[in-house]
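Residue numbers (the numbering used here), protein chains in the order written: chain C, 35 to 639; chain S, 586 to 1002. We put the beta carbon where it would ideally sit given N, CA and C, even for glycine. In what follows, a structure is listed as structure tokens, so that the remarks can point back to it.
Here it is in structure tokens:
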């Protein structure tokens, strides 16, 4: 039986397809509950990274506590937990959802149910959440509330009778949403007197407080002065403060007990100690079992990140250290490249995670970066009997030292409307996928199962999937382990010199196509030099593709009379400025743009 | 007294019609009255500068544009008379007038010759009618030929003809026709410019639809033309210029030698008294500023402060003005002198700047000498034609206008001299 206090708590998250109005609705709910006065509202309060606002996605989980004065005269505590929305962060999403009893499922009244809506809805259903559908954007002329209501019932299979139809943008019917949260979402349960079990769903580093851990207390209670233990590592800390996340900051409280969502600080130095999904218990009276579902998160994708201006290596290091304070999934260690100088080999959860880190480095720390092609970790058994793991193509052993090469595989599941099955199977085949089976969830949705090499899906697979299914297909995958594979390391040579930053590991069957494509791309992107530059791709010294960048013939200001010397000087100075950014690869000058164009080579070959 | 020499440039911003590739400051559609007003303004400016030019002998005059020959003949002779009146123009001065085909007649040419012009620069551009139309030139090959013959008849013994390569519709073969045609006329001087698409011109807007020779064809045209013209007795003396020995353009050489020149009129550039400056590309403002009565000595601005009329006039006229620092002069000299096939003589460089060119640049240039982009004969460094054609690239590798001050500072401190 829930306690009196628990009966007044509702823990929920909001899930939606991108652009369906998740953040705007969150804003309105905050505003409606008077937690944030309208005048203090900044659009999309929860997404407080610039990047999130621009991309319209949530990158980190975030929570906020609201007091809702309901029409029945009661005051309810609503804990809104915002979740990220990308396959890279699926684990984080599932943990966030685990901290809730219910979820608002937002559907755009003009767009209807879309792939992400489905994927997110299922994730919520899997976590036993009560789903409250909300139809948004009814202010738009093309809104069709009844049709969307029907889709929610037919496609997702949850009742949508009487679900709120709102306009978050103009603030229409927000009260109905709040009523539904109170009436439909169950209150939390859990014994306040049992040994403490609290789920970590997020943590971040604050330079004054140390790590601030966001938790949902499932059982037991916790207060300042308690000694806590993190069950995955056994690490113990003394709690300095507990309290709640209010819209404009933390507010200390006396105790967090079963059902509460709040924070703890305990002079923790690194977010690496407070892993998402871990269970917090008390050292004195520990719980017997941790909460289920904890996984240690490992980087799946590695890439070299270099400052475009070598002098900023130190700045890049500082920036990575700062980002890591808040991002336990980010790893990095120093590496050097003959072509790119000093940089770092960084590990990421996936491509989006990598892009986000890159963008944050560039924006928040004002760095220009060159990033090498992402790579997965390969396992190599050498003839010597030694086994090595390779996350950087530069370290790939010579072919004659290799006994067996392994690459990581994933079990992928793709949910798609049946119309796109053909195109998606083709895509998976093309990416060396091994078909397992296909099942129909209902007449409108098929589920494809494939084993796929991870290196085939890290790059642009998600985009290709979306484009081949008009955005409807969704992807989920889990690591399956290593399998033997015929891998080769492809080297790229400019003017006869290997450019280490351009080397990559690829399946034998694809080597030739990729080699040709990279050579062509380099030929098109390397500015003509004074000398002819041969561009070659080679496997272990054997050239398999070749192009030539022809020598520049014309770079002259033919007319320099009328006495305008200043203009000519400016032209040369500008040209000189441009050259300063060039990377000298042996005797060849390559602009960072050309480098990026080649490194961003898509996989469609 | 041995006076310094000076080049004088006068800009005439009028054309009968504007060519689609041209970004010089000029306008079409002006009436005789506007033109007369502009020439009057020019005369005022010449009078303004007469004092400053006193210590100089003007040994080259260049009236350019635009198309100066669209001025009514009377206007032009008034201008020329004004030049002789205001400045000390040497008897042997080179006096060039840009004279475009279809804007001159035997009569007008005789008047110019009599007024003191002794060199003409005529724009043929191409001897192929379709190419002339593509360039939106107003003349035909026949117009050009008639004007050229009339010029000879009027007594002009020093004529430059401009041609272009890399233009729409042009092929190696059609370019050869232009060269054949032109050399048969035996001009004293040929300027051969590669088309450059300048931002803001009609060509820039229609860039994608222009049928242009590709980079390689264009380069071949350039190199083939150099060989051809050399064989015909024209010396290749600057990136784009060829002349019978002794007929090199004295005025343009001043630009490439970093010698002094004064440019008057709107949009004109000067290197005068250690300063580089230019006047605004705005004829209306130019005329207003020149016409303003400055005899009162001063005027009140809106906020009540008094400013000098000279200052007021300068502010209204001047577009850009800066003093060329000694270190920058070195960079300019290298940039400009290397346009000449004679290149840079270490000895002359030492005399001019007191610096050792070999020590400063020899090492940087070795790569280019070894690979056929430059030559070195023990004293002079010069581009080969192949080097000239990529000279921007090479210059941007070797020149650093900022760093020079540092280098020169070091050398001036002792070790080298």
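Taking 8 Å as the threshold (beta carbon to beta carbon), is residue i in contact with chain S?
i	result
residue 582 (chain C)	no
residue 570 (chain C)	no
residue 626 (chain C)	no
residue 93 (chain C)	In this prediction, residue 93 (chain C) has a pLDDT of 47, which is less than 50 and means its spatial position is unreliable; nothing more can be read from the coordinates.
residue 299 (chain C)	no
residue 4 (chain C)	Lying outside 35 to 639, the shown extent of chain C, residue 4 (chain C) is not represented and no answer is given.
residue 560 (chain C)	no
residue 531 (chain C)	no
residue 564 (chain C)	yes
residue 528 (chain C)	no
DSSP has residue i in a bridge; who is on the other side?
i	result
residue 707 (chain S)	S:746
residue 769 (chain S)	Answer is none; residue 769 (chain S) lacks a bridge partner.
residue 455 (chain C)	None; residue 455 (chain C) has no bridge partner.
residue 170 (chain C)	C:142
residue 578 (chain C)	DSSP lists no partner for residue 578 (chain C).
residue 444 (chain C)	C:486, C:513
residue 625 (chain C)	The partner list for residue 625 (chain C) (beta bridge, DSSP) is empty, contrary to what the question assumes.
residue 922 (chain S)	The partner list for residue 922 (chain S) (beta bridge, DSSP) is empty, contrary to what the question assumes.
residue 857 (chain S)	S:860
residue 286 (chain C)	C:277
Do residue j and residue i come within 8 Å of each other at the CB atom, strictly closer than that value?
i	j	result
residue 262 (chain C)	residue 384 (chain C)	no
residue 713 (chain S)	residue 763 (chain S)	yes
residue 333 (chain C)	residue 365 (chain C)	yes
residue 271 (chain C)	residue 250 (chain C)	no
residue 556 (chain C)	residue 539 (chain C)	no
residue 606 (chain S)	residue 788 (chain S)	yes
residue 379 (chain C)	residue 425 (chain C)	yes
residue 905 (chain S)	residue 855 (chain S)	no
residue 170 (chain C)	residue 59 (chain C)	yes
residue 274 (chain C)	residue 256 (chain C)	no
residue 695 (chain S)	residue 739 (chain S)	yes
residue 99 (chain C)	residue 279 (chain C)	yes
residue 112 (chain C)	residue 125 (chain C)	no
residue 708 (chain S)	residue 747 (chain S)	yes
residue 950 (chain S)	residue 983 (chain S)	yes
residue 536 (chain C)	residue 567 (chain C)	no
Using beta carbons (cut-off 8 Å, strictly below), is residue i in contact with chain C?
i	result
residue 801 (chain S)	yes
residue 861 (chain S)	yes
residue 637 (chain S)	no
residue 921 (chain S)	yes
residue 977 (chain S)	yes
residue 597 (chain S)	no
residue 1000 (chain S)	In this predicted model, residue 1000 (chain S) has a pLDDT of only 33, less than 50, meaning its place in the structure is not dependable enough to derive any value.
residue 959 (chain S)	no
residue 679 (chain S)	no
residue 917 (chain S)	yes
residue 946 (chain S)	no
residue 785 (chain S)	no
Relative to the C-alpha of residue i, which residue among the options is closest?
i	options	result
residue 363 (chain C)	C:413, C:311, C:317, C:295	C:311
residue 633 (chain C)	C:337, C:531, C:398	C:337
residue 630 (chain S)	S:664, S:653, S:655	S:664
residue 831 (chain S)	S:646, S:679, S:964, S:651	S:679
Should residue i be labelled buried (16 or more other beta-carbon atoms within 10 Å of its own) or exposed?
i	result
residue 71 (chain C)	For residue 71 (chain C), the predicted structure reports a pLDDT of 49, less than 50, and the residue's modelled location is therefore unreliable. The matter cannot be settled from this model.
residue 677 (chain S)	exposed
residue 683 (chain S)	buried
residue 35 (chain C)	exposed
residue 471 (chain C)	exposed
residue 618 (chain C)	exposed
residue 469 (chain C)	exposed
residue 182 (chain C)	buried
Any chance the CB of residue i is under 7 Å from a heavy atom of the ligand ZN?
i	result
residue 301 (chain C)	Looking for the ligand ZN in the displayed structure turns up nothing, as the structure carries no ligands at all.
Could you name the residues of the stretch 759–781 of chain S whose beta carbon sits closer than 9 Å to any beta carbon of chain A, in the order they occur along the chain? This model lacks chain A altogether; the protein chains it does include are C and S.
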